[in-house]
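The sequence shown maps to residues 611 to 721 in this note's numbering.
Backbone N, C-alpha and C define an ideal beta-carbon position, used for all residues, glycine too.
Since the structure comes first, as structure tokens, the remarks are kept for the end.
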Amino acid sequence: MNRPEVALSCVDCGKSVETLPTFTSFRGQETYLFHPIVCVDCLVETCQQHSTACANCGEIILPYSQVGVLKESHGRYLVVHMTTSCLTVGGAFHGFWGKGQLLNFKEIEAC
Ligand SMILES: [Zn+2]
Ligand SMILES: [Zn+2]
């Protein structure tokens, strides 16, 4: 497919980004990122700085990924992978793990 050339640039450093999604593999986890547009260097840096740990399996959760959210009694939130093994029945919320913070956090409709 010949798509018209679009000028894409990294939202973090402004460097041009030629292919989407931006792909990298970080600590054994692969990530494909369509949005926001960042270059590989910035994506790796973001992974280093803003990853968190899964409250269930302890493995890393990369920034810009969908997560399950568990509410702790102290008003804190724990995030887990959006997988059946990590997202247990007790997880009534899901959200999007962005740059070190939870985004688009919403309750799953119980119906
Ligand atoms: Zn960049
Ligand atoms: Zn996990």
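Exercise for the section: Taking only the alpha-carbon atoms, compute the straight-line gap between HIS660 and ILE670 and give it to the nearest angstrom. Expected result: If I take the Cα positions, the gap works out to 10 Å.
Problem - Assigned exposure category for ALA665 - 16 Cβ within 10 Å defines buried - result: Counting every other CB atom within 10 Å of its CB across the protein chains shown gives ALA665 a total of 16 or more, marking it as buried.
Exercise for the section: Take the Cβ of THR684 as the centre, count every other Cβ of all protein chains shown within 10 Å, and call the residue buried at 16 or more, exposed below. Expected result: Looking at the sequence shown, residue 684 is not Thr but His. Taking every protein chain shown into account, the CB of HIS684 has fewer than 16 other CB atoms within 10 angstroms, so this residue is exposed.
Practice task
Consider the C-beta atom of ASN666 and the heavy atoms of ligand 2; say whether any pair is separated by less than 7 Å.
Solution key: Because some heavy atom of ligand 2 lies under 7 Å away, the Cβ of ASN666 counts as near it: yes.
Problem - Beta-carbon proximity check, PRO631 vs CYS657, cutoff 8 Å - result: Taking 8 Å as the Cβ cut-off, PRO631 and CYS657 do not qualify as a contacting pair.
Handout entry: Close beta carbons around LYS625, own chain, < 6 Å, minus the five adjacent residues each side
Key = Beyond the five residues adjoining it in sequence on each side, LYS625 comes within less than 6 Å, by CB distance, of CYS649 in the same chain, given in chain order.
Problem - Residue closest to THR662, alpha-carbon to alpha-carbon, out of PRO646, PHE703, VAL679, CYS652 - result: When each option's Cα is compared against that of THR662, the closest is VAL679.
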